[in-house]
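Note that the protein sequences, when read in sequence, are chains Z and D.
Those letters in the first sequence? Residues 12 to 454, per the numbering used here, in order.
Those letters in the second sequence? Residues -2 to 84, per the numbering used here, in order.
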Amino acid sequence: ALAPQTKWNKRHLSWRVRTFPKESALLGRDTVRALMYYALKVWSDITPLNFHEVAGNEADIQIDFTKADHNDGYPFDGPGGTVAHAFFPGERFTAGDTHFDDDEAWTFRSPDSHGMDLFAVAVHEFGHAIGLAHTSAIESIMRPYYQGPVGDPLKYNLPYEDKVRVWQLYGVRDSVSHTAQPVDPSQTAEPPVLLDLPENRSTVPPARDAPDRCTSHFDAVAQIRGEAFFFKGKYFWRLTREKHLVSLRPAQIHRFWRGLPVNLDSVDAVYERPGDHKIVFFKGGKYWVFKDNNVEEGYPRPVSDFGLPMEGVDAVFVWLHNEKTYFFKDSRYWRYDDHLRRMDLGYPKDTALWKGIPPQLDDAMRWSDSASYFFKGKEYWRVAGSDMEVEAGYPRPIGKDWLVCSEMQSDSPEMQNNSNTRFHGQRHADHAENGYEVCSCTS
Amino acid sequence: APSITAEQMDMGVDWLSKFGYLPPPDPVNGQLQTKEALTKAIKAMQRFGGLEETGVLDQATLGLMKTPRCSLPDMSEPEMSTGRRKR
């Protein structure tokens, strides 16, 4: 690395594609935005940085497709030659901004000979936007020269050299940002990571009625700020981004999600709304909107606000493929546009269109692997990317794959005393490659 | 190796200045780059690009200079100014 490394002081960075490729017949706007999302995710997956898309001109990282001299001191030069650049973090107004040469033939999933792989170049440029300079390391994505497509964005693995250099800037992503200090709201418009459980966490085991995670059917399941929440009765379990169960014991909903009615004995469905990252809880014909873990004024409200029938919903999730919100009830489903706050026409439709998914779901959620998960009883089904058909090999057991349940009852006494060993048994393989040793704490 | 044309030399010098291997020519006296500075800059570029450090604009070096790339320089300003101070 040659240039002095500058870095962002804040951890939540907003981005926006301000101008799109003009002539590109190959890449529609949604594809360009999705590729930017995944190229940023390459870096946020391994650092404490979080990126979210915004509208308007306030974005930290403004992305433009432009050509020739565009008044930033780095004129483009037509097809070939220089293809893109980005500004390092810092005080300048342009910090983080990223420009792609609109004279290039930007492609996605095309062989090397046809144009410039947009995802590969975007990963490189966002490396600059978070503070990495060029390097001569042959495998690095931060080499200055275009080295061809890097394959499927959903499966891209950053070269180790680049991981180490970005960890030197920002540290490793603590898979449980549990102890993260609450971000001062004045610092960033971005909703902070959900706060930790109440400080005076009881050390006594939960009340008698606490459910057992290994034999339960769940009322609701949701991905919230990248973590997974499993709700049952008045309790919930929380998993980190790496699917690590934060605690064998469930936490009490009312002690964390503040403002729900005390007599609420369970929830039907939960999801994180795209756009403003607020969290929506459903119960019967009512719903509550949370900013972080505090309910907003004026709730509950009727679900008819969404155009849903008053009997409520079984399940809700946001499909990453189109950022639309899908509601399920019995054997019907609706598609709702949370950006426009409007139900799409032609719904409800029959859930049979989601091949292999059972009716009367308990809930559904998208996960950080970009797949969608559907839960019912003690089982779950996985639907990859933009498919609408369950993958082979499903359903699978929720307890075993998500909640650290083995064949035996994981909370039975004999299991209890060695549950720690099992947790330790879950230790990460250390990432010892090229002589580097990196450990990360998970709580 | 075939000797390079004046045009290739110009392209090479522009490229090396653009990506931080050579200080931009002095706008006042249009000071030309010294041969030693040029050789040093070519070697630095060849090293950074994983090429054999011949110090001359051979075909491999000219080829790499034509490869699509990021606009940002490879060398930072301080890197170059130390070179100037040394001179």
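Even glycine gets a Cβ: it sits at the ideal position worked out from N, Cα and C.
Please read these numbers as outputs of a predicted model, since none were measured by experiment.
**Prompt:** Leaving out five residues before and five after Leu165(Z) in sequence, what residues of the same chain have Cβ atoms less than 6 Å from its Cβ?
**Reply:** Ser381
**Request:** Would you decide whether Glu136(Z) is buried or exposed? Buried here means 16 or more other CB atoms lie within 10 Å of its CB.
**Result:** buried
**Item:** Listed by chain order, chain D residues near Gly91(Z) by CB distance under 7 Å
**Value:** Pro65
**Asked** Who are the neighbours of Val94(Z) on chain D, taking C-beta pairs under 9 Å?
**Response** Under the 9 Å cutoff, chain D gives Pro65, Arg66, Cys67, Ser68.
**Message:** On the CB-based measure, 16 or more other CB atoms within 10 Å of its CB, does Phe16(D) come out buried or exposed?
**Reply:** Using a 10 angstroms sphere on the CB of Phe16(D), the tally of other CB atoms reaches 16 or more, which defines it as buried.
**Request:** Starting from Asp23(D), find everything on chain Z with Cβ-Cβ shorter than 9 Å and list it in chain order.
**Result:** The contacting residues do not exist; Asp23(D) stays about 19 Å from chain Z at best.
**DSSP bridge partner residues for Ile290(Z) (one or two, in chain order)** = Glu283(Z), Phe301(Z)
**Message:** Whether or not the region 47 to 65 of chain Z and the region 77 to 88 of chain Z are in contact is what I'm after, with contact meaning three or more pairs of Cβ atoms, one per stretch, closer than 8 Å; do they touch?
**Reply:** no
**Request:** Enumerate in chain order the residues of its own chain whose CB-to-CB distance from Ser379(Z) is below 7 Å, with the five nearest sequence positions on each side excluded.
**Result:** Gly237, Arg252
**According to DSSP, residues forming a beta bridge with Lys243(Z)** = In DSSP, Lys243(Z) forms a bridge with Tyr246(Z).
**Asked** Between the region 142 to 150 of chain Z and the region 21 to 38 of chain Z, are three or more C-beta pairs nearer than 8 Å?
**Response** no
**Message:** One question on the structure: do Phe76(Z) and Phe119(Z) come within less than 7 Å of each other, judged by their Cβ atoms?
**Reply:** Contact flag unset, no.
**Message:** If contacts are defined as beta-carbon pairs under 8 Å, then Gln371(Z) and Lys387(Z) qualify, I think. What distance do you get, rounded to the angstrom?
**Reply:** 7 Å
**Message:** I need the straight-line Cα distance from Leu351(Z) to Glu334(Z), nearest angstrom please.
**Reply:** 11 Å
**Item:** As assigned by DSSP and simplified to three states, the class of His145(Z)
**Value:** In the structure shown, His145(Z) sits in coil (DSSP, three-state: anything other than H, G, I, E or B).
**Asked** With DSSP run on the structure shown, which of helix, strand or coil describes Val401(Z)?
**Response** In the displayed model, Val401(Z) falls within coil according to three-state DSSP, outside both helix and strand.
**Message:** Determine whether the beta carbon atoms of Trp248(Z) and Arg224(Z) lie at a separation below 7 Å.
**Reply:** yes
**Request:** Can you tell me which of Val94(Z), Thr105(Z), Val175(Z) puts its alpha carbon nearest to the alpha carbon of Gly159(Z)?
**Result:** Val94(Z)
**Extent of the continuous beta strand (DSSP E) run through Leu271(Z)** = Bounds of any beta strand (DSSP E) do not take in Leu271(Z), whose DSSP letter is neither H nor E.
**Asked** Tell me, which residues are paired with Trp26(Z) by DSSP?
**Response** The partner list for Trp26(Z) (beta bridge, DSSP) reads Glu64(Z), Ile72(Z).
**Prompt:** When the Cα of Thr58(D) is compared with those of Phe45(D), Pro70(D), Glu33(D), which residue comes out closest?
**Reply:** Phe45(D)
**Prompt:** When you check each C-beta in the region 114 to 137 of chain Z against every C-beta of chain D, which residues fall closer than 9 Å?
**Reply:** For the region 114 to 137 of chain Z, which is checked against every Cβ of chain D, the residues closer than 9 Å are Glu115, Met127, Val132, His135, Glu136.
**Prompt:** Going along the region 152 to 174 of chain Z in order, which residues come within less than 7 Å of chain D, judged by CB to CB distance?
**Reply:** Pro155, Tyr156, Tyr157
**Request:** Whole angstroms is fine: what's the gap from Gly60(D)'s alpha carbon to Pro155(Z)'s?
**Result:** 14 Å
**Asked** Do you know how far the Cα of Val134(Z) is from the Cα of Asp71(Z)?
**Response** 17 Å
**Request:** Tell me whether the beta-carbon of Val278(Z) lies closer than 7 Å to the beta-carbon of Phe241(Z).
**Result:** no
**Request:** Identify every run of the beta strand (DSSP E) within the region 87 to 111 of chain Z, keeping only runs that are complete inside it and at least 3 residues long; order them along the chain.
**Result:** The region 87 to 111 of chain Z contains these whole beta strand (DSSP E) runs: 93 to 97.
**Prompt:** Expressed to the nearest angstrom, what Euclidean distance is found between the alpha-carbon atoms of Leu180(Z) and Asp112(Z)?
**Reply:** 28 Å
**Request:** Could you run through the region 59 to 92 of chain Z and flag, in chain order, every residue whose CB is less than 7 Å away from some CB of chain D?
**Result:** Tyr85, Gly91, Gly92
**Request:** Could you name the residues of the same chain whose beta carbon sits closer than 7 Å to that of Pro90(Z), not counting the 5 residues immediately before and after it, in chain order?
**Result:** Asp114, Glu115
**Prompt:** So which residues of chain D does Ile149(Z) contact, with C-beta pairs closer than 8 Å?
**Reply:** At a C-beta separation below 8 Å, Ile149(Z) has these neighbours in chain D: Gly47.
**Message:** Need the endpoints of the alpha helix (DSSP H) that Tyr49(Z) sits in, please.
**Reply:** 40 to 55
**Asked** Hey, is Asp7(D)'s beta-carbon within less than 7 Å of any beta-carbon in chain Z?
**Response** Cβ-Cβ to chain Z under 7 Å: no for Asp7(D).
**Message:** Give me the subset of the region 250 to 277 of chain Z whose CB atoms are less than 8 Å from a CB atom of chain C, sorted by chain position.
**Reply:** Of the chains in the structure shown, none is chain C; the protein chains are Z and D.
**Request:** Rank Val183(Z), Pro285(Z), Lys294(Z) by C-alpha distance to the C-alpha of Met376(Z) and give the top, closest one.
**Result:** Pro285(Z)
**Neighbour list for His139(Z) in chain D, Cβ cutoff strictly below 8 Å** = Within chain D, the residues near His139(Z) are Cys67, Leu69.
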